[in-house]
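Written out below as structure tokens is the structure these notes cover.
Encoded structure:
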């Protein structure tokens, strides 16, 4: 499992641990959400993946995320299944899957007809995205975990793609799993699971949650 190292979030009591759900090219909503939340240097910000595809401005989203990298290097960006499909397209694999799942809108945002027109800085960003991140009691992944399998033994395919097997299970990994991937009408704030994909690209809302207080911000 390609993961970021653990971080106990040992810092100021007022520090926020912020997680952001699936953006899917909705750059204007991302900009609005960042204004509402107002993240700062004392916050830890974790993005749950699926920055591209389907929405109108995937390039703008990645540009903004790169600005955040420069401003707050401690920000965590996870890989989603749509970033994986985009990378497969860039590397000449399974182009039809990417295009059939909103990839054409991504290419349109770059004004690109071929993989060679994707900026090198964006490709480098996509390639370094981890599939999980652990912070204190929280384990962040894009899609979920396969029940009965320890986090360190999970397959990358499940971390990026799993749905029903994870969502329909009450298996307890002894940690709170924070995830996106599957759109829901409202944030899922259960004892051991926090789901933050609230369907921004489908005309609903983009969500950020402070996991320490469970306060949510939504725009859209």
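Numbering (the working numbering), first residue to last: 1 to 220. C-beta atoms are modelled at their ideal positions from N, C-alpha and C, and glycine is treated no differently. A quick note: this is a predicted structure, and the numbers were derived from the prediction, not measured.
Residue 87 places its beta carbon 8 Å or farther from that of residue 133. Here the C-alpha atom of residue 124 lies approximately 25 Å from the C-alpha atom of residue 154. By the 16-neighbour rule on beta-carbons within 10 angstroms, residue 187 is buried. Non-local C-beta neighbours of residue 171 in its own chain, meaning closer than 7 Å and more than five positions away in sequence, comprise 147, 148, ordered along the chain. Per the DSSP secondary-structure output, residue 161 pairs with nothing in a beta bridge. Sorting 190, 121, 202 by C-alpha distance to the C-alpha of residue 64 places 121 at the top. When C-beta atoms of the segment 152 to 169 are compared with those of the segment 56 to 63, fewer than three pairs fall below 8 Å, so the two segments do not count as touching. Of the candidates 191, 126, 89, 80, the residue whose Cα lies closest to the Cα of residue 112 is 89.
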